[in-house]
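Colleague: Line by line, the protein sequences give chains A and B. Per the working numbering, the very first residue in the first sequence carries number 99; after that it's consecutive. Per the working numbering, the very first residue in the second sequence carries number 1220; after that it's consecutive. What follows is a single structure, and I will ask about it in a moment.
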Amino acid sequence: MSRAGTVIVGGGLAAQRVAEGLRRRGYEDPVRIVCGEPEPPYDRPPLSKELLAGTVGEAEVAYRPAGWYEENEVELLLGAWAEELDAGRRRVGLDSGASLPYENLVIATGGEPRRLRFLAGANVHELRTLADLRRLRSALVAGSRLAIVGAGFIGQEVAATARALGVEVTVVEALPVPLEPIVGPRLGRWFADMHREEGVRIIAGAALESARGSGDRIEELVLADGRRVECDAVLVGIGTVPATGWLEGSGLGNGGVPVDAGGRAALPGVFAAGDACLGFEPRRRTHLRTEHWDAAAWQGAAVAKAILGEEPGRPPLPSFWSDQYGVRVQCVGHPQLADGVAVEGDPAGRDFQALLSRGGVPVAGLAVGRPRAIPAFRKQIEGAVPALQPEKEAA
Amino acid sequence: MSHKAIVDPAECSAHGDCVDIAPTVFRLDDTAVVIGTDTPELMIEAAEACPAVAISIVDEASGETVFP
Chain A
99 MSRAGTVIVG
109 GGLAAQRVAE
119 GLRRRGYEDP
129 VRIVCGEPEP
139 PYDRPPLSKE
149 LLAGTVGEAE
159 VAYRPAGWYE
169 ENEVELLLGA
179 WAEELDAGRR
189 RVGLDSGASL
199 PYENLVIATG
209 GEPRRLRFLA
219 GANVHELRTL
229 ADLRRLRSAL
239 VAGSRLAIVG
249 AGFIGQEVAA
259 TARALGVEVT
269 VVEALPVPLE
279 PIVGPRLGRW
289 FADMHREEGV
299 RIIAGAALES
309 ARGSGDRIEE
319 LVLADGRRVE
329 CDAVLVGIGT
339 VPATGWLEGS
349 GLGNGGVPVD
359 AGGRAALPGV
369 FAAGDACLGF
379 EPRRRTHLRT
389 EHWDAAAWQG
399 AAVAKAILGE
409 EPGRPPLPSF
419 WSDQYGVRVQ
429 CVGHPQLADG
439 VAVEGDPAGR
449 DFQALLSRGG
459 VPVAGLAVGR
469 PRAIPAFRKQ
479 IEGAVPALQP
489 EKEAA
Chain B
1220 MSHKAIVDPA
1230 ECSAHGDCVD
1240 IAPTVFRLDD
1250 TAVVIGTDTP
1260 ELMIEAAEAC
1270 PAVAISIVDE
1280 ASGETVFP
């Protein structure tokens, strides 16, 4: 009987890195990727930036040329969705009715956008996939009005790209200061100021109450204080939840899969990586959903090692980047923990770095237009780790 | 056994992840530049971490590209 090998569910970065890592390390059993989307694995960060701006084409964001999968005997099940996990029999049920046996299962289904029930219609968008991108791009016509719900990174990046395309942008944000829970009030205000300077209208501390329109189109958003935001299109960017609904009944729950540093879940032969998992952060002795490109890449590679019995090592500090108005923002560490910030440089000139600390201990660094600051931040924060108090013990 | 890292300056966008992972191999100027060599494992880890996929790793003995 042929071996069941490894089934990877989800076709994003983490999935790609598992497949690559297995083949590079000489894994000879079958590797299958249940892609979900109709495209082979591709890079998502450009969705809100270069792809939306039109400076990069879809063909350029594929992780590998089409021939790579055949050469490496990685089977892509394009457009196939997992619907059920039977961990006892080690099988994954697909929407086609097929059932795939596995020796190792990797849950890499990523995240799916949070939605608002009253915001639905032909001109309401989210941005997570190439299909979303194609719709949104055709809506961003110069002179049109885009309302963005949520001033997180997706909302901010789309706002920046849309401004460059000549679109009038209004951002509605529930928090008084955008990104405050992540980077604190001072840096959050810096982000808001940058967008205002670029002509974006930001309504912060806004309670979105309803939407009005005609037919299947939304024409205005209505805030609790009576203010209205007229729009031709709406983008909803209010975060994501782990795409783990298909695991219901499997024993893994539906809120993201907790894993150890090697991506091992609580069931035999089951691993998870990327936005669908809650990775273990040894510095804080807790499981965290990081939702960053860097984490998905590392976790995917770590799962490949773990499947082959290698030690994946210690995960690097979380890090992420954002590109807006031609400026790169980079962050490393755990900014959510900070109670203080020291800024050096010229925030108004979009050229500065900020060291975030908790009780005087460095916990994160943020650099704007200064990529070279990041390695030094990383050293400084890693060096301070023994002083970091765990906020809770791991379950 | 020796491996060589190559940075494509047209692709590199100075994230600096490679410098974090392998400071013996990379330095950050306007883009990442190669300054040395290290174990194949560390060099591949640095290449894997590059968000721009700008780093390739070549096995000098065989001339084979081991990453990407």
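Note that CB positions come from ideal geometry on N, CA and C, so glycine has one too. None of the values given here were measured: they were computed from a predicted structure.
Note down the Cα distance separating A/A151 from A/Y423, rounded to an integer number of angstroms.
Modeller: For the purposes of this step, residue 151 of chain A is taken as residue 53 along the first sequence, with counting starting at 1. For the purposes of this step, residue 423 of chain A is taken as residue 325 along the first sequence, with counting starting at 1. As the crow flies, the alpha-carbon of A/A151 is around 11 Å from that of A/Y423.
Colleague: Could you tell me which chain A residues have their CB closer than 9 Å to the CB of B/P1270, listed as they occur along the chain?
Modeller: Position 51 of the second sequence, counted from the start, is the residue given in the question as residue 1270 of chain B. Residues of chain A passing the Cβ test: D141, P143, W391, D392, A395, W419.
Colleague: Compare the beta carbon distance of A/P340 and A/R387 with 8 Å and say whether it is the shorter of the two.
Modeller: By 1-based counting over the first sequence, the position of residue 340 of chain A is 242. By 1-based counting over the first sequence, the position of residue 387 of chain A is 289. Result yes, Cβ atoms of A/P340 and A/R387 sit closer than 8 Å.
Colleague: Taking 6 Å as the limit between beta carbons, can you name the residues of its chain near A/V204, skipping five residues before and five after?
Modeller: Your numbering for residue 204 of chain A matches position 106 in the first sequence. So the qualifying residues of the chain are I106, V116, F369, V401.
Colleague: Please determine if the region 337 to 351 of chain A and the region 208 to 219 of chain A are in contact, where contact requires at least 3 C-beta pairs separated by less than 8 Å.
Modeller: yes
Colleague: Is B/I1254 helix, strand or coil when you go by DSSP?
Modeller: Locating residue 1254 of chain B in the second sequence gives position 35, where the first residue counts as 1. In this structure, B/I1254 counts as coil in the three-state DSSP scheme.
Colleague: Chain A partners of B/A1233, CB-CB under 7 Å?
Modeller: Here residue 1233 of chain B corresponds to residue number 14 of the second sequence, with the count starting at 1. The contacting residues are P469.
Colleague: Given a cut-off of 8 Å on the beta-carbon distance, is the pair A/Q397 and A/G372 in contact?
Modeller: Position 299 of the first sequence, counted from the first residue, corresponds to residue 397 of chain A. Position 274 of the first sequence, counted from the first residue, corresponds to residue 372 of chain A. Annotated as proximal: A/Q397 and A/G372, with beta-carbon spacing under 8 Å.
Colleague: Do you know whose CA, among A/A260, A/M292, A/G103, lies nearest A/E201's CA?
Modeller: The sequence position of residue 201 of chain A within the first sequence is 103, counting from 1. When each option's Cα is compared against that of A/E201, the closest is A/G103.
Colleague: Does DSSP put A/C329 in a helix, a strand or coil?
Modeller: In the first sequence, counting from the first residue as 1, residue 329 of chain A sits at position 231. A/C329 falls in the coil class under three-state DSSP.
Colleague: The alpha helix (DSSP H) that contains A/N236, what's its start and end?
Modeller: Here residue 236 of chain A is taken as the residue at index 138 of the first sequence, counted from 1. First, the residue type needs correcting, since residue 236 of chain A is Ser and not Asn in the sequence shown. Segment 228 to 237, the alpha helix (DSSP H) holding A/S236.
Colleague: Look at the alpha carbon of A/G481 and the alpha carbon of A/A304, and state the distance between them as a whole number of angstroms.
Modeller: As a working note, residue 481 of chain A is residue 383 in the first sequence. As a working note, residue 304 of chain A is residue 206 in the first sequence. The alpha-carbon atoms of A/G481 and A/A304 are separated by roughly 40 Å.
Colleague: Is the region 1232 to 1240 of chain B touching the region 1265 to 1273 of chain B in the sense that three or more CB pairs, one from each, lie closer than 8 Å?
Modeller: Cβ pair count under 8 Å is three or more, so yes.
Colleague: Below 8 Å between beta carbons is the criterion; list the residues of the region 1236 to 1250 of chain B that meet it against any residue of chain A, in chain order.
Modeller: D1236, V1238, D1239, I1240, P1242, L1247
Colleague: Measure the Cβ-Cβ separation of A/P433 and A/L464 and say whether it is below 8 Å.
Modeller: The residue you call residue 433 of chain A lines up with position 335 of the first sequence. The residue you call residue 464 of chain A lines up with position 366 of the first sequence. Their beta carbons are under 8 Å apart, which means A/P433 touches A/L464 by this criterion.
Colleague: To which residues of the same chain is A/V275 closer than 8 Å at the C-beta, ignoring the five residues directly before and after it?
Modeller: In the first sequence, counting from the first residue as 1, residue 275 of chain A sits at position 177. P283, G286, R287, A290, A302, listed in sequence order.
Colleague: Just to confirm, are A/I246 and A/L225 a CB contact at a threshold of 8 Å?
Modeller: Start at 1 with the first residue of the first sequence, and residue 246 of chain A comes out as number 148. Start at 1 with the first residue of the first sequence, and residue 225 of chain A comes out as number 127. Taking 8 Å as the Cβ cut-off, A/I246 and A/L225 do not qualify as a contacting pair.
Colleague: Determine contact between the region 161 to 179 of chain A and the region 259 to 269 of chain A, defined as no fewer than three beta-carbon pairs at a distance below 8 Å.
Modeller: no
Colleague: If you drop the 5 nearest sequence neighbours on each side, which residues of the same chain put their C-beta closer than 7 Å to that of A/V483?
Modeller: For this step, residue 483 of chain A is matched to residue 385 along the first sequence. Only R381 meet the Cβ criterion.
Colleague: When the Cα atoms are used, what is the spatial distance from A/G309 to A/T268?
Modeller: Residue numbering aside, residue 309 of chain A sits at position 211 when the first sequence is read from its first letter. Residue numbering aside, residue 268 of chain A sits at position 170 when the first sequence is read from its first letter. The sequence shown places Ala at residue 309 of chain A, rather than the Gly named in the question. Approximately 15 Å between the Cα atoms of the pair.
Colleague: Can you confirm whether A/A482, when its beta carbon is compared against all beta carbons of chain B, has any partner nearer than 8 Å?
Modeller: Working through the first sequence from its first residue, we reach residue 482 of chain A at position 384. Not an interface residue.
Colleague: Entirely within the region 103 to 162 of chain A and at least 3 residues each: give me those beta strand (DSSP E) ranges in chain order.
Modeller: 104 to 107, 129 to 132
Colleague: Residues of chain B with CB closer than 7 Å to the CB of A/A117, please, in chain order.
Modeller: Start at 1 with the first residue of the first sequence, and residue 117 of chain A comes out as number 19. Going along chain B, no residue has its Cβ under 7 Å from A/A117, so there is no contact; the nearest lies around 12 Å.
Colleague: Flag this pair as yes or no: are the beta carbons of A/D141 and A/Y161 separated by less than 8 Å?
Modeller: Stepping through the first sequence from its first residue, residue 141 of chain A is reached at position 43. Stepping through the first sequence from its first residue, residue 161 of chain A is reached at position 63. Yes, the pair counts as a contact, with Cβ atoms nearer than the cut-off.
Colleague: Per the contact definition of three or more C-beta pairs closer than 8 Å, is the region 401 to 421 of chain A in contact with the region 434 to 454 of chain A?
Modeller: no
Colleague: Alpha carbon to alpha carbon, what distance is there between B/H1222 and B/E1279?
Modeller: Locating residue 1279 of chain B in the second sequence gives position 60, where the first residue counts as 1. Locating residue 1222 of chain B in the second sequence gives position 3, where the first residue counts as 1. Taking the straight line from one Cα to the other gives about 5 Å.
Colleague: DSSP puts B/I1276 in a beta bridge; with which residues?
Modeller: Position 57 of the second sequence, counted from the start, is the residue given in the question as residue 1276 of chain B. Answer is B/A1224, B/F1286.
Colleague: Can you check the region 386 to 428 of chain A for any alpha helix (DSSP H) of at least 4 residues that lies completely inside it and give the ranges in chain order?
Modeller: 391 to 405
Colleague: Could you work out which residue in A/L198, A/L376, A/R121, A/D449 is closest to A/G351 when comparing CA atoms only?
Modeller: Along the first sequence, one-based indexing puts residue 351 of chain A at 253. Among A/L198, A/L376, A/R121, A/D449, the Cα nearest to that of A/G351 is on A/L376.
Colleague: Distance cutoff 8 Å, beta carbons only. Does A/A416 sit that close to anything in chain B?
Modeller: Here residue 416 of chain A refers to the residue found at position 318 when the first sequence is read from its first residue. According to the sequence displayed, residue 416 of chain A carries Pro and not Ala. No, because no Cβ of chain B sits closer than 8 Å to the Cβ of A/P416.
Colleague: Does DSSP classify B/V1244 as helix, strand or coil?
Modeller: The count along the second sequence starts at 1 and reaches residue 1244 of chain B at position 25. DSSP places B/V1244 in coil when its eight states are reduced to three.
Colleague: Determine the chain B residues that contact A/A399 at a beta-carbon separation under 7 Å, and present them in chain order.
Modeller: Sequence index remark: in the first sequence, residue 399 of chain A carries index 301 (1-based). Per Cβ cutoff of 7 Å: E1267.
Colleague: Counting only the same chain and skipping the five closest in sequence on each side, list residues whose C-beta sits under 7 Å from that of A/G343.
Modeller: Residue 343 of chain A sits at position 245 when you count from the first residue of the first sequence. Around A/G343: N352.
Colleague: Have a look at A/P139 and B/V1244 and give me their C-alpha separation to the nearest angstrom.
Modeller: The count along the first sequence starts at 1 and reaches residue 139 of chain A at position 41. The count along the second sequence starts at 1 and reaches residue 1244 of chain B at position 25. Across the structure, A/P139 and B/V1244 are spaced so that their CA atoms are roughly 29 Å apart.
Colleague: Take A/A260 as the anchor and find which of A/A157, A/E296, A/G250, A/D230 has the nearest alpha-carbon.
Modeller: As a working note, residue 260 of chain A is residue 162 in the first sequence. With distances taken between Cα atoms, A/A260 lies closest to A/E296.
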